[in-house]
Structure formats: C-alpha cells, structure tokens
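In order, the protein sequences belong to chains W and C.
Per the working numbering, the first sequence runs over residues 284 to 752.
Per the working numbering, the second sequence runs over residues 284 to 752.
Glycine residues also receive a C-beta, built at the ideal position from the N, C-alpha and C atoms.
Protein chains: 2
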Amino acid sequence: MKRYEKFADEIAELIRSGVLAPGEKVPSVRHASRTYGVSPSTVFQAYYLLEDRGLIQARPRSGYFVREHARRLLPEPEISPRLSETTDVDVSELVFSVLASLRDPDTVPFGSAFPSPDLFPLQRLARSMAQTVREMPGREVIAEMTTGHPDLRRQIALRYMVSGVMLPLDELVITTGAMEALNLCLQVVTQPGDLVAIEAPAFYATLQVLERLKLKAVEIPVHPRDGIDLGTLESRLGSLPIKACWFMSSLQNPLGASMCEANKEKLYALLQRHQVPLIEDDVYAELYFNQEPPKPVKSHDHDGWVMHCGSFSKSLAPGYRIGWVAGGRYAEQISRLKLMTTISPSVPAQAAIADYLQHGGYDRHLRKLRHALERQQGEMLASAARHFPASTRVTRPSGGYFLWFEFPERVDSLQLLQLALAQGISLAPGPIFSATRRFRNCARLNYGHPWDKRSENAMELLGRIVKSF
Amino acid sequence: MKRYEKFADEIAELIRSGVLAPGEKVPSVRHASRTYGVSPSTVFQAYYLLEDRGLIQARPRSGYFVREHARRLLPEPEISPRLSETTDVDVSELVFSVLASLRDPDTVPFGSAFPSPDLFPLQRLARSMAQTVREMPGREVIAEMTTGHPDLRRQIALRYMVSGVMLPLDELVITTGAMEALNLCLQVVTQPGDLVAIEAPAFYATLQVLERLKLKAVEIPVHPRDGIDLGTLESRLGSLPIKACWFMSSLQNPLGASMCEANKEKLYALLQRHQVPLIEDDVYAELYFNQEPPKPVKSHDHDGWVMHCGSFSKSLAPGYRIGWVAGGRYAEQISRLKLMTTISPSVPAQAAIADYLQHGGYDRHLRKLRHALERQQGEMLASAARHFPASTRVTRPSGGYFLWFEFPERVDSLQLLQLALAQGISLAPGPIFSATRRFRNCARLNYGHPWDKRSENAMELLGRIVKSF
C-alpha cells in the first residue's frame, strides 16, 4: 500500500467515525501536510482518491468537503438476540419461491445477488477467451480435468501470495463456482444429522444446503460490524458436537460485517483447539473499500483446518462459473468428490480467466469496481435517510454491495416484497436469511448497480410502502 | 434417412453377420441394382459410404471387396453369470488409483475415457465461442442460470424432435456435463441405504457415485450385444424394493451393447408397471455406426419415468463440460437441486455450443466422426486377431470407441495394467467396472484415436504380455 492510500484510509476512518462531519471542510493540503507529516503531493493524491470513492467533494475555490451522504444518517442494527441451541432448517421452499419472484429482468434489481454486469470488464475477458480457446491444444481440452487448469491454479496461488498467504499449490481445487466448492467441503466433513455452526442471519444458500444434506444448524449471532459472536461460538463448541463451521469472516452476506484481524486469529485458535474445520466462504474478498485487503482466517491456518472458498463470480466473471477452494488437510478428499460429481469446471472458462489474470489488468479493474461500489453505497445510504422512516436501521459495511435494513417491527418484509414487486422493485426479504424464518422486519438491498433517477424513485416508493405498514 | 444410407446399412448387416465374408466380392453395381430394386446411383453412393466406414475396399478394375478385418475374427464374450441379489459397492479407491495411473499423456491411450481431440472440430467451436462471448450482452452472462441458456435448450430440444422424441422444453435442465446430471437424478430419487439397479459390468463412475451416496447395487447382467437381461431385471423388480435403475440402453460402457427397440419398449413398460424411475445414461447416443440413430428408452416415456442424460463431451466438446437431462416428472426437483449445488454450468460454454449447433455443421462433423471410429474399430479388431491369444473374446459394438476384451482365465488385468504401463501403454482393467471387483480377466480398450504404427506396436506388445500369463 502506498503512502497516499494509507493516508486516504485514515481520513476515510475519520469521516466514517463522525470526527469529520458531513458538510465539514477537510483540512487544506498545506495544513494536512504539516499536521500529518506527509508531503503535499501525498495529500493531493489522497484527496483525489477519496473524491473517487465518493467520500469528499471539491467546491470551486473553497477546497474539499465531506459529502452529505457520507454521514451515518440512520443508526446501525443491533446484534441479533441469542437463539435456540440447535435447529432443523426449514426454509428452502420459501427461498425458492422468493428467488423465482426476483427473476424478472425489468424490475429495479435491489433484490439481486449480483452487481451490475456493466461494472465488469466483460469485453476484455471475451478477448482473453477468444484468444485462449483458439490457441488451446486439443489435448489440453480433455486433460487437466483433475485439479484444474494449471495456469489458473498458479495465478490464484500468486494472488494468495501477494496478499500474504503462502499456499501450497496442491491445496487448490478449481470448482464450478464457489457454490460447488462449499457443497464439496461440507460433504467431506459431515454426515446427515450432524451439527454445523452457521451465522444468523446467513446467506440463504447456506441454509438450503444444510436442509438438503439433512444437517442441523447451530446459529451463531453476527454483529453488524464485528462479525461472528465469538463468545457464543466458544460456548457452543464446548457444549455441542459441532462437526464444521461455515462462516464468512469478511463482508458477510447479508450484514457486510468483517471480523478484525485479532478476532480472526482467535477464531482459528478456537477451532484448532476443538479440532473443528472451518469452511470459509470468502466470495466478496476482493470488494473491500479500504486500501488494505482484509486477511482471511485462512491466513492463520497452520494445521490445515480451514477450507477457504473463493470465486470470480462477484468480481470479474459471473456466469463463467469458476470458483476454487484452498482445501487444507481436506484438499484431496474434495478433489476426489469433485471428480465423482461434476468432474471439472469448463476448461475454456478456466483458461480465459487465467489469461485475463495474467494480462488483463485485474487489479486496475478491481480498484475501479471498489470505488464504484463505495460511491453507490453512499448514494443508497443517503437516499434511505431521505425516504425511509427515521427508526429504520441500516448497516454500513466496508465493502461488497449489500445493505441490510431493519425496518420498524410492524413491517413484514415478505409482504413488503409483494407490494414492491407490484411497483417493479425487487428486494431480498429477511426471512430467507434465517433457518427459522426470523428477521421478518428486515431486508437486504443491493446497491451494485449504477445509481440513477430510477434507483432514487424506487427508494422513494419503497419508503412510502414501508411507512404504509 | 436417405435410400442409399438405408441400403448401406443392409449391406453392413450382411457383412457383420458373416453372410458376406471377409475377402468376398460384394455384388456388382448392376447386379445389386437389379437384385435389390434400387437405382445404380443409390448402389454407388452406398458403396462409397461403406468404403468410408472401412467395411469394404475397392480393388482396381475388380470392384468392391469386404475388408479382411471386417470379419468377426475373435468370438464374442458370453453374458456375465447371475450375481448375488444386492451388494454394497466397494471399488472407489481402486478406481481412483487406476485412473491416476492412466493420467500420463505420453502412454498409448487405450485406457482413456475420451476419443482423440483431433476428431473434434475444436477450431470451429472456438470460432463460435469467440463470437458469442464478444457479442453476449452483460445481463445474459448473469441471467438464465436457472435451467440453462435458452438457445442451447432450444437446439437440444430440436435434436430430440428430429430424432423422433417430442420433448417439452421445460423438462430440459442443462448441467456441468452428464456426470452432474446423473448425480442430480440419483439424489432426487434415492436416500442412503436404497437399492439401485445397475449394469454388470457398469461404467466405473456409476459405482463410485453409488458408493459415495451409500446406495446398494442390484447388479443386472448385460449381454454383450443385446444389453440388459430383462428377465433378471423383472425378477429383481418383483422381489426387491428397487428405487431407481441407472442404465445405458445404447452403446453401453464398457460392453458397447445396445438394446433393440422392442426391448427398450418392454423395459419401459416394466418400469412403468413397477413405478420405478430410469436414469438413462445416453452419452454415446451420437456415436452409432449405422445410419439410423438408436432411439432411447426415453422415446417410449409417456408418464415421465425416464430421466434421459446426454452430453457434448464425447461427440463435440470435451472439457467444455456441458451436458443435460430431460428429467421427466423429476425435472423441477433436478433443477432445484442443481441451483443448490453448482447453480449453473458455464454460460459462455453453453452459448458457444448453441451457436455451433445452429451454424457449425454438427451433423456433418458427426458423420465424419462415426466413420473414423468405425474404421478404427476395424483396425483394432484386426490387430487383436493378429496378436492376442485365439481364446480371447471381444465385443463388436455398433458404435462408440470401446472394445471389451475377455482374456483367458489366468490373465489378471490389474497386473496386466502394471506391465503395460511399464511399456508405455494404458488400458482400463475389468475390476473397475464391477461393484465387487469381478471381471478380473477383462479389459476395456479405447480405439478412439487415429490408428497408426504406434497403436499396432502397442497391440503386439500387449498380446505378448497377455500370452506371458
């Protein structure tokens, strides 16, 4: 990380924490340079960056000011209350019916699971695809179906290395998206009837997979900013025969919470002590807003207990269906299970992504993508403050493209969804994120699409429906 | 089917059945035209076709003669003996260790599961890929992940229609290869501990999947030419609570057997009477040698009991990992299970194949491929007759790219594999095709690679090793 990026993160933290208030002037270049002991050009670069991230804006001849929407206008939700110890999962039917209702491409896609494809370098990726597929030797098309395309595996291992995680290449298994990776991991370490610790709220597919595999959930509350409640987890690990944990330690879906480095280390130590494997779902890893990437729990993994699952679907190539798992001590079992179920993900898609990673400018694209998402988050937060009841609570994640709204108690988000759909707006209602259909007054909204008049109108309309309850 | 194609098939049948012996002159054009009541040009075209299929050859100024290797030089194997009623499957470890040993790309690939990639139009397919991926709208890359790419689904349904099977479009689910389709089907209709009827010998992955899902096998003998023994199946269905059948009714792997139309109809009636679903693995469907495609059991399916699984991996695009299932009454359950496990196969790979099917000349390619495989089968059969002990038995399938050899009792094919590998030759030993490691003296050999001096030498060497037992 360069000096100006670090400095920009420091200023961003001051804005987020409210030390620098919305509308307030940020220190002049000369002043900042003297106060913080950095060169004026470093300050300049940092301010340009913060402007691009949507946190400050220049006023002609007056300098830089904190943008209005950078304020935490609505309060954050509380941590979810303690839950029953274990629970059967019974939500799959509901999830399917909700997802089916979200499928209309003409709605305002607040309910979508993906960011806008316009934010991805699909044309550049298409060039990589066209070139690699033309030059691919015939035998390569049928070979290397075992652990994946060698170039892609090297490129992924390289990215781990650059972010400070040394990964033995033979831990890596390429999969048909992260969803396959997560399924394989869970099947390798559990039997029907086993207990699995998951988050509350959790990504709905996690719930569906548990239900399908006849596993019981041990729900661990997630703090909207700090992530998994380690206290509850520790007590559950002590009292219950938990066979695996399935957690998102960074940019958790749907809350956006990220555990701090120290807690990730504690989490690993805890799991190691109890000899319980962690399935770490890290599909939003690249979508952090600060300049420093959050490290996964995997970075503390010295004994192979962590199966770290990643994907290109949220950051580069949705629809290509390429994910992976760094499987720790379970890598070979995962690879064998994959050979028995799908054999291999598409070889041309793997080769195209490998070529793009090497030549396409992935890091440049990611910087642009992160700034766009951060700006759009600001827009949605500001719009929510304008149109939603003041008692609404909302998360403020440091990455990703989801906000989690907690509406007043009387709001029923499943009903809200129906009313919104009738107006051409989708959203993801709270109950699909819970093994037991909790979070009735909550909803996840996607800000991953360029903000425009239509988005603003949709927020206004949503606000009106919420108030009508 | 054109008149000359039908006529060519009739002559081919005379050759296969021995009515026209190897070395014998086939009727002159004038004679054939008069005898069979077809025009001389029809006879000409038929003879050209038979020459291309490797069954007859022209001698200058003498006319056409049946080729030497078209003879059934080695006898066919017998049907496998009756087996125990039900059995646990315990062969997965053996399969993995054998498959690992086959992975060296420098061996003569008699053990391979794929035909040579040189037989596929990979360059033409690459053009389809390059073009579709460049023109693909961004939203298409993330949409349509549910049941598959709409163009591809239409093209597949069209191929069913042309071959006489009317298929409601909503039965079709596109999958990551046929392997995923087969896994999904089996999971939808079984629970751990259930009985599943499979073939003996069976495709080794079938056995691995049963073992993995903790299902018990009911092995049904397969006749090397006629396919599944319906008598045994009927008695087993009467006496055992079989939850599903997993059969290849055409070009069975490894025997190459194809059930006749009447038996397929009987099979369907039997399953319908017992209300037992059929998972029909039909991945070699396009590789028939005669002009008329064999119809699947699916063509008799009026009540939705058949889940018909297909793939492009053996006929067009290995490594693209695109297969499908026409799921009958189970289609929606299959589609949901897929959404929970891999979500979707690669969208660009689907689009590329859809474009190729529409514009690439698939049928022309398939004709060339079939003729190449038929010629290569002739070469391997002739070579086996030259080099293997006379007591060796071998199948003579009417399609595909596998021969099944039954060596003298004293030959141990697992040991044979080790000895052959040491000489740079691979093969697929009999025991990996059996739930209980039978078929010790058998092996499957792949003739899907262009025949050359190296293949001939490898056969000679193999023959010598076999004789050394």
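Task: Contact set between the region 585-619 of chain W and chain C, restricted to residues whose Cβ is under 9 Å from the partner - done: Going along the region 585-619 of chain W in chain order, one finds SER596, ALA600, PRO601, GLY602, TYR603, ARG604, ILE605, ARG619 with a Cβ nearer than 9 Å to chain C.
Open item on the list: Can you pull the chain C neighbours of LEU405 of chain W, defined as C-beta to C-beta under 8 Å?
Closed with: Position 122 of the first sequence, counted from the first residue, corresponds to residue 405 of chain W. Neighbours of LEU405 of chain W on chain C, chain order: MET419, GLY421, VAL424.
Task: For TYR603 of chain W and GLN659 of chain W, believed in contact at Cβ under 8 Å, the rounded distance - done: Numbered from its first residue, the first sequence carries residue 659 of chain W at position 376. Numbered from its first residue, the first sequence carries residue 603 of chain W at position 320. That pair is no contact at about 23 Å.
- [ ] Please decide whether GLN535 of chain W counts as near chain C, where near means a Cβ-Cβ distance under 8 Å.
- [x] Locating residue 535 of chain W in the first sequence gives position 252, where the first residue counts as 1. For GLN535 of chain W, the answer is no, since every Cβ of chain C falls outside 8 Å of its Cβ.
Open item on the list: Against chain W, with Cβ distances strictly below 8 Å, would PHE379 of chain C count as a contact?
Closed with: In the second sequence, the residue the question calls residue 379 of chain C occupies position 96. With 8 Å as the cut-off, PHE379 of chain C counts as an interface residue toward chain W.
Open item on the list: If contact is defined by three or more beta carbon pairs under 8 Å, each pair taking one atom from either stretch, is the region 607-617 of chain C in contact with the region 585-594 of chain C?
Closed with: yes
Task: Short-range partners of chain C found in the region 667-687 of chain W, where Cβ spacing is below 9 Å - done: Here the close residues number zero.
Open item on the list: Residues of the region 489-509 of chain C in Cβ contact with chain W at a cutoff of 7 Å, in chain order, please.
Closed with: GLN491, VAL492, ARG495
Task: Nearest candidate by alpha-carbon position, reference ASP735 of chain W, set W:ILE439, W:PHE685, W:GLU662 - done: Along the first sequence, read from residue 1 onward, the residue named residue 735 of chain W stands at position 452. Nearest to ASP735 of chain W by C-alpha distance, out of W:ILE439, W:PHE685, W:GLU662, is W:GLU662.
- [ ] Output, in chain order, the set of chain C residues within a Cβ distance shorter than 8 Å of SER738 of chain W.
- [x] Within the first sequence, residue 738 of chain W is the residue found at index 455, counting from 1. Those within 8 Å of SER738 of chain W in chain C number zero; the least Cβ separation is about 16 Å.
Open item on the list: Between the region 682-693 of chain C and the region 450-470 of chain C, can you find at least three pairs of beta-carbon atoms closer than 8 Å?
Closed with: no
Task: Under 7 Å from the C-beta of ALA409 of chain W: neighbouring residues of chain C - done: Walking along the first sequence from the start, residue 409 of chain W turns up at place 126. Within chain C, VAL416, ARG417 have C-beta atoms less than 7 Å from the C-beta of ALA409 of chain W, given in sequence order.
- [ ] Out of W:LEU516, W:PRO537, W:LEU534, state which residue places its alpha-carbon closest to the alpha-carbon of ALA255 of chain W.
- [x] With chain W covering only 284 through 752, there is no way to say anything about residue 255 of chain W.
Task: Where the beta strand (DSSP E) containing VAL456 of chain W begins and where it ends - done: Translated into positions along the first sequence, residue 456 of chain W becomes position 173. 455-458 is the extent of the beta strand (DSSP E) around VAL456 of chain W.
Open item on the list: Quick check: is the beta carbon of SER627 of chain C nearer than 8 Å to any beta carbon in chain W?
Closed with: Taking the first residue of the second sequence as position 1, residue 627 of chain C is located at position 344. Output row for SER627 of chain C: interface = yes.
Task: Proximity of ARG286 of chain C and THR325 of chain C at Cβ, strictly below 8 Å - done: Here residue 286 of chain C refers to the residue found at position 3 when the second sequence is read from its first residue. Here residue 325 of chain C refers to the residue found at position 42 when the second sequence is read from its first residue. Yes, Cβ-Cβ distance for ARG286 of chain C and THR325 of chain C is below 8 Å.
- [ ] For chain W, find out if any of its Cβ atoms is closer than 8 Å to the Cβ of PRO343 of chain C; answer yes or no.
- [x] In the second sequence, residue 343 of chain C corresponds to position 60, counting from 1. Answer no: the Cβ-Cβ gap between PRO343 of chain C and chain W never drops below 8 Å.
Open item on the list: Taking 8 Å as the cut-off, does the region 560-573 of chain W touch the region 462-473 of chain W (at least 3 CB pairs, one atom from each stretch)?
Closed with: yes
- [ ] Could you tell me which chain W residues have their CB closer than 7 Å to the CB of ASP401 of chain C, listed as they occur along the chain?
- [x] Along the second sequence, one-based indexing puts residue 401 of chain C at 118. Within chain W, the residues GLY421 have their CB atoms less than 7 Å from the CB of ASP401 of chain C, given in chain order.
Open item on the list: Contact between the region 473-481 of chain W and the region 499-506 of chain W is defined here as three or more beta-carbon pairs at a separation below 8 Å; is this criterion met?
Closed with: yes
- [ ] Please report how far the alpha carbon of LYS547 of chain W lies from the alpha carbon of LYS578 of chain W, in whole angstroms.
- [x] The residue labelled residue 547 of chain W in the question sits at position 264 within the first sequence. The residue labelled residue 578 of chain W in the question sits at position 295 within the first sequence. Rounded to whole angstroms, LYS547 of chain W to LYS578 of chain W spans 9 Å at the Cα level.
Task: the region 713-732 of chain W contacting the region 396-409 of chain W, beta-carbon criterion three pairs below 8 Å - done: yes
Open item on the list: Can you check whether the C-beta of ALA460 of chain C is within less than 8 Å of a C-beta belonging to chain W?
Closed with: Here residue 460 of chain C corresponds to residue number 177 of the second sequence, with the count starting at 1. Looking at the sequence shown, residue 460 of chain C is not Ala but Gly. It does; some Cβ of chain W falls within 8 Å.
Open item on the list: Run through chain W and tell me which residues come within less than 8 Å of PHE449 of chain C, C-beta to C-beta.
Closed with: For the purposes of this step, residue 449 of chain C is taken as the residue at position 166 of the second sequence. Per the sequence presented here, residue 449 of chain C reads as Met, with Phe not at that position. Neighbours of MET449 of chain C on chain W: none; closest Cβ ~27 Å, over 8 Å.
Task: Three-state secondary structure assigned by DSSP to THR763 of chain C - done: What the structure shows of chain C is the stretch from 284 to 752, and residue 763 of chain C is not part of that stretch, so it cannot be assessed.
- [ ] May I ask you to report which of helix, strand or coil DSSP gives HIS432 of chain C?
- [x] Within the second sequence, numbered from 1, the residue matching residue 432 of chain C stands at position 149. In this structure, HIS432 of chain C counts as coil in the three-state DSSP scheme.
- [ ] Round the Cβ separation of LEU744 of chain C and GLN706 of chain C to the nearest angstrom and send it over; I've been treating them as touching at under 8 Å.
- [x] The residue labelled residue 744 of chain C in the question sits at position 461 within the second sequence. The residue labelled residue 706 of chain C in the question sits at position 423 within the second sequence. About 5 Å separates the two Cβ atoms, so the contact holds.
Task: Amino acids of chain W, ordered along the chain, whose beta-carbon sits closer than 9 Å to that of THR473 of chain C - done: The sequence position of residue 473 of chain C within the second sequence is 190, counting from 1. Going along chain W, no residue has its Cβ under 9 Å from THR473 of chain C, so there is no contact; the nearest lies around 13 Å.
TODO: Whole angstroms is fine: what's the gap from GLU288 of chain W's alpha carbon to PRO388 of chain C's?
DONE: Start at 1 with the first residue of the first sequence, and residue 288 of chain W comes out as number 5. Start at 1 with the first residue of the second sequence, and residue 388 of chain C comes out as number 105. Those two C-alpha atoms are separated by around 49 Å.
- [ ] Name, going along the chain, the residues of the region 625-650 of chain W whose beta-carbon falls closer than 7 Å to a beta-carbon of chain C.
- [x] THR625, ILE626, SER627, PRO628, SER629, VAL630, PRO631, ALA632
- [ ] Please classify GLU517 of chain C: does DSSP put it in a helix, a strand, or coil?
- [x] Taking the second sequence and counting its residues from 1, the one referred to as residue 517 of chain C is at position 234. Of the three classes helix, strand and coil, the one that applies to GLU517 of chain C here is helix, per DSSP.
Open item on the list: Quick check: the Cα distance between GLN535 of chain W and THR415 of chain C, rounded to an integer number of angstroms?
Closed with: Looking up residue 535 of chain W in the first sequence gives position 252. Looking up residue 415 of chain C in the second sequence gives position 132. So the alpha carbons of these two residues sit roughly 35 Å apart.
Task: Pairwise C-alpha distance: PHE486 of chain W and PRO712 of chain W - done: As a working mapping, residue 712 of chain W is identified with position 429 in the first sequence. As a working mapping, residue 486 of chain W is identified with position 203 in the first sequence. Cα-Cα distance, rounded: 12 Å.
- [ ] Using a Cβ cut-off of 9 Å, pull out every chain C residue sitting near ASN466 of chain W, in sequence order please.
- [x] Counting from one through the first sequence, the residue named residue 466 of chain W turns up at place 183. Simply MET623, THR624, THR625.
Open item on the list: Which residue marks the beginning of the beta strand (DSSP E) containing ARG342 of chain W, and which one marks its end?
Closed with: Here residue 342 of chain W is taken as the residue at index 59 of the first sequence, counted from 1. Start and end: 339-342.
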